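Peer 1:
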């Protein structure tokens, strides 16, 4: 019976609502205003982010007016028309009428939200939409709308004037929204502001729409609904009462007060409990992931994570403080007794502030803020300290936040990828602490040092002495290893020579010559190996004192828990003249990114070797490498190393107001050909491309003008799945990548190797050998950037090759450098290191066909075009470094961020069509609602007709 009454009341209210043209006006206006704000006010296409955050940012305000409009006549019209007395005299509990009207209003709210569904569907069709925050956003919208509706019903029950009800509902709901709004909380410190944010409907809404569904937020909205629905029932019940006091009246007041008090106390009680929440974002941006748990399980000593947050800080940073605190608390939960999390307000604890300043280099930063009385500069803290043992690392607000310039120049500030930043800091201090301990304790399993050395009568005296001097060093290391380090000396020629044959077949180790006048052949190769890989130790320098350094560097390649070393080969970017900008390519952003996570070594290849401590070799835009430099790269690969190469036969520079493309010889063309790869003498253009601020030529009459404009630029390939290989760890986490001025990488011989295409342009791409890369508004320049008669096909611009490589110097090893003035000539014995002619199967070569994609010039242009810091090229390279060094602990969460899900390139006409399509779909949905309403009305009339017939 109860359900029937509630449903009957709801159905009656829905029929009355849809019978009025004003109702359709409200629904249509809500849909139109929502779409207008999304596409025009928030400039969805200019924002260039594949999310629907602009929709949910405005809904708390729009719902205030929608809820007030839906509820303004619910009770006031009953009171004005005199039908309220009929309701009050029914032998039915009044809460059933209230529930029925509330159910009708919620149904109308959900129908209004249905008209916005084309927006997330459109974004998902265009780009890589994270559906978690979208679904959470609609849940939050329904809850917030229900809270506003309960407020509107309560106000409507207090008056017989619909307009008074409308204004009262707007004022009361607006007050609850303003409590947590930055407009109000910015006037107070963090403590008072935090309390206000807990009371505000909008701040709770923001928490859910970012993708974190917290039980406390759900209860809050339920409590608001409960409080105002209880007040609604009490208001109507009091209309039944006769004048004068009565015990029943007191019982009603007491019961109403107790219900409201219990709802409020429940919210306070839940706030003190541990967090009960669900992170529904893709990759769980706001939760502790499995990689973080893995890092925390390695802790042997207590870890301290301390957040320094000032009570009064910048208004844009204030909402981020509770988010970051919640995440850091999860570290304490996940780490148990091993992790201690503290929060400090340095202004309240001078001793902690002095410690932060003097010991950790953490200092307050000036922010401009405005309070109720003035605009002023405030020195505030927004820093995190991670300390383990005697090692520590600090994270400032610049390391933790991500900023995007919104419409009207207003910045949009969010936490970039806080879990990755904090976990990386934990990993780094853990590695730094372990580096001071026993090297062998960090090995995943036992390793074997094998010296393939010929018998004494075949070895030159220099090598015999060297072998005898390193034996005690090896024996000492084996004794200290706890059984994890074994030493073997093997004569390859012994027995039937099977070992020598295996060495040549598997690793290309061939016998060396003692000298031109000495025909003796011998072997002298030093290796480290386990069940998974083989690493050859360099033997070009037969100095016993440096052997231990080389040995430890080799062992660290098998160990976890040590900071790896990346050998980085960068072009010279020093200015030619003082005061002039740097010439050539600059990769400062890349250097900073690598330095934050690894030890960096600026490698000079001209000596013909790579430093023994290098765990990885990265070459960015190499130019005119001589034979000895190429030999260094070759032998590093032959020894089982991994080489990452970003190179092309062309480079583009912005000189003044003109883009200039020049041909560039890396010196590696023949070497790559030997490895089965060829970088084509063309560039790839793609109809799926990005924008770039470039000088554009305008011709008016006989005059030529050059302006800087953002233009669609086909040379900037916009790579997305399947162009980004989703099956490989290097590219699986990247949502998109802009690759600038890239050349095709052709595989000419992959026999015996595993070849993987990592980066591929779209099927709408083509090759061009044009040398003019300047865009322009004139037809001639425009045609230069069109495919013309060129065939359209996907082009591979990034490839990974793994397997056994043959040395390009098999026949002609490079000659020693001539001795300079004042230097002694190289001794013949210095060449006993020999030549490795074949690599082990663990050798890997990753080639990206672009010199410029990660240069500072391109990154700054991408920042200007996107309005935010665009680091996908850097993330690609750092992901490749993580994978190459088998340091995949954080690879899974590295590329997570808020602003890296960009939209694909769209022409202006396509953008307009998509916008009009959404308006049309909203109208269609409204039409469907009208059709369903008419069909139900017809069924109802037919049913009544059959009853009366």
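In the numbering used here, the protein residues as written are 2 to 950.
Every residue gets a Cβ at the ideal spot worked out from N, C-alpha and C, and that includes glycine.
In this text, all values refer to a predicted model and were calculated from it rather than measured experimentally.
1) Which of helix, strand or coil does DSSP assign to residue 611?
2) Assign residue 428 to one of two classes, buried (16 or more other C-beta atoms within 10 Å of its C-beta) or exposed (fewer than that).
3) Please state the DSSP three-state secondary structure of residue 565.
4) With 16 as the cutoff for other CB atoms within 10 Å, does residue 21 come out buried or exposed?
5) Are the segment 343–362 and the segment 448–455 in contact at 8 Å, needing three or more beta carbon pairs?
6) Give the list of continuous beta strand (DSSP E) stretches no shorter than 3 residues that lie fully inside the segment 172–252.
7) Have a look at residue 91 and residue 229 and give me their C-alpha separation to the nearest angstrom.
8) What are the boundary residues of the alpha helix (DSSP H) that includes residue 150?
9) Which value, in whole angstroms, describes the spacing of the CA atoms of residue 502 and residue 673?
10) Excluding the 5 residues preceding and the 5 following residue 551 in the sequence, name in chain order all residues of the same chain whose CB lies nearer than 7 Å to its CB.
11) Where do the N-terminal and C-terminal ends of the alpha helix (DSSP H) with residue 104 fall, by residue?
12) With a cut-off of 8 Å, do at least 3 Cβ pairs link the segment 619–629 to the segment 484–494?
13) Counting pairs of Cβ atoms below 8 Å between the segment 47–66 and the segment 75–84, do you hit three or more?
14) Going by beta-carbon coordinates alone, are residue 76 and residue 154 separated by less than 8 Å?
15) Within the chosen definition, does the segment 336–346 reach the segment 308–319 through at least 3 CB pairs nearer than 8 Å?
16) Less than 8 Å between the C-beta atoms of residue 200 and residue 181, yes or no?
17) Taking only the alpha-carbon atoms, compute the straight-line gap between residue 316 and residue 183 and give it to the nearest angstrom.
18) Between residue 739 and residue 770, is the Cβ-Cβ spacing less than 8 Å?
19) Just the Cα atoms here: how many angstroms apart are residue 287 and residue 332?
20) Roughly how many angstroms lie between the CA atoms of residue 46 and residue 917, to the nearest whole one?
21) What residues are listed by DSSP as bridge partners for residue 1?
22) Name, in chain order, the residues that DSSP records as bridge partners for residue 754.
23) State the beta-bridge partners of residue 690 as determined by DSSP.
24) Are residue 567 and residue 595 touching if we call contact CB-CB under 8 Å?
25) Between which two residues does the alpha helix (DSSP H) carrying residue 48 extend?
26) With a floor of 3 residues, list each beta strand (DSSP E) that falls wholly inside the segment 307–350, ordered by position along the chain.
27) Work out the CA separation of residue 486 and residue 380 for me, nearest whole Å.
28) Taking only runs of the alpha helix (DSSP H) that begin and end inside the segment 599–682, which ones reach a length of at least 4 residues, in chain order?
29) So, is residue 421 buried or exposed, given that buried needs 16 or more other C-beta atoms within 10 angstroms?
30) Going along the chain, which residues of its own chain have a beta-carbon closer than 8 Å to the beta-carbon of residue 749, five neighbours each way excluded?
31) From the DSSP output, which residues share a beta bridge with residue 403?
32) Decide if residue 611 is buried, meaning its Cβ has at least 16 other Cβ atoms within 10 Å, or exposed.
33) Between residue 767 and residue 725, is the Cβ-Cβ spacing less than 8 Å?
34) What residues in its chain sit with their C-beta under 7 Å from that of residue 873, if we drop five residues either side in the sequence?
35) Pick out whichever of 221, 175, 745 has its Cα sitting closest to the Cα of residue 269.
36) Could you check how far apart the C-beta atoms of residue 856 and residue 586 are, in whole angstroms? I think they sit under 8 Å.
Peer 2: This is what the structure holds:
1) Translated into positions along the chain shown, residue 611 becomes position 610. In the structure shown, residue 611 sits in coil (DSSP, three-state: anything other than H, G, I, E or B).
2) Here residue 428 is taken as the residue at index 427 of the chain shown, counted from 1. Buried: at least 16 other Cβ atoms inside 10 Å.
3) Here residue 565 is taken as the residue at index 564 of the chain shown, counted from 1. DSSP places residue 565 in coil when its eight states are reduced to three.
4) Walking along the chain shown from the start, residue 21 turns up at place 20. By the 10 Å Cβ count, residue 21 comes out exposed.
5) no
6) 213–215
7) Numbered from 1 along the chain shown, position 90 holds the residue referred to as residue 91. Numbered from 1 along the chain shown, position 228 holds the residue referred to as residue 229. Near 22 Å, if we compare the C-alpha coordinates of residue 229 and residue 91.
8) Locating residue 150 in the chain shown gives position 149, where the first residue counts as 1. It spans 132–157 - the alpha helix (DSSP H) in which residue 150 sits, taken as one unbroken run.
9) On the chain shown, position 501 is the one that residue 502 refers to. On the chain shown, position 672 is the one that residue 673 refers to. If I take the Cα positions, the gap works out to 27 Å.
10) By one-based count along the chain shown, residue 551 stands at place 550. 538, 539, 613.
11) As a working note, residue 104 is residue 103 in the chain shown. Here the alpha helix (DSSP H) through residue 104 covers 95–115.
12) no
13) no
14) Residue mapping note: residue 76 aligns to position 75 of the chain shown, counting from 1. Residue mapping note: residue 154 aligns to position 153 of the chain shown, counting from 1. Yes, Cβ-Cβ distance for residue 76 and residue 154 is below 8 Å.
15) yes
16) Taking the first residue of the chain shown as position 1, residue 200 is located at position 199. Taking the first residue of the chain shown as position 1, residue 181 is located at position 180. The answer is yes: Cβ separation under 8 Å.
17) On the chain shown, residue 316 is found 315 positions in, with the first residue counted as 1. On the chain shown, residue 183 is found 182 positions in, with the first residue counted as 1. Their Cα atoms are separated by approximately 7 Å.
18) Residue mapping note: residue 739 aligns to position 738 of the chain shown, counting from 1. Residue mapping note: residue 770 aligns to position 769 of the chain shown, counting from 1. Not in contact: residue 739 and residue 770 (Cβ atoms no closer than 8 Å).
19) Counted from its first residue, the chain shown places residue 287 at position 286. Counted from its first residue, the chain shown places residue 332 at position 331. The alpha-carbon atoms of residue 287 and residue 332 are separated by roughly 11 Å.
20) By one-based count along the chain shown, residue 46 stands at place 45. By one-based count along the chain shown, residue 917 stands at place 916. Rounded to whole angstroms, residue 46 to residue 917 spans 13 Å at the Cα level.
21) The structure shown has nothing for residue 1, since the chain only spans 2 to 950.
22) Numbered from 1 along the chain shown, position 753 holds the residue referred to as residue 754. Answer is 804.
23) Residue numbering aside, residue 690 sits at position 689 when the chain shown is read from its first letter. Residue 690 pairs with 718.
24) Position 566 of the chain shown holds residue 567. Position 594 of the chain shown holds residue 595. Going by C-beta atoms, residue 567 is nearer than 8 Å to residue 595.
25) Looking up residue 48 in the chain shown gives position 47. Looking at the DSSP string, the run of the alpha helix (DSSP H) that includes residue 48 is 45–48.
26) 340–345
27) Within the chain shown, residue 380 is the residue found at index 379, counting from 1. Within the chain shown, residue 486 is the residue found at index 485, counting from 1. Looking at the two C-alpha atoms, the distance is approximately 54 Å.
28) 628–639, 670–675
29) Looking up residue 421 in the chain shown gives position 420. So residue 421 counts as buried.
30) Counting from 1 along the chain shown, the entry for residue 749 is found at position 748. 674, 677, 678, 679, listed in sequence order.
31) For the purposes of this step, residue 403 is taken as residue 402 along the chain shown, with counting starting at 1. Paired residue(s): 415.
32) Here residue 611 refers to the residue found at position 610 when the chain shown is read from its first residue. The residue in question, residue 611, is buried, as its Cβ has 16 or more Cβ neighbours within 10 Å.
33) By 1-based counting over the chain shown, the position of residue 767 is 766. By 1-based counting over the chain shown, the position of residue 725 is 724. No, Cβ-Cβ distance for residue 767 and residue 725 is not below 8 Å.
34) As a working note, residue 873 is residue 872 in the chain shown. Taken in chain order, the residues that qualify are 735, 737, 738, 739, 901.
35) Sequence index remark: in the chain shown, residue 269 carries index 268 (1-based). Residue 221 is the option with its Cα nearest to residue 269.
36) Numbered from 1 along the chain shown, position 855 holds the residue referred to as residue 856. Numbered from 1 along the chain shown, position 585 holds the residue referred to as residue 586. Between residue 586 and residue 856 the Cβ distance is about 5 Å, and since that is below 8 Å, they are a contact.
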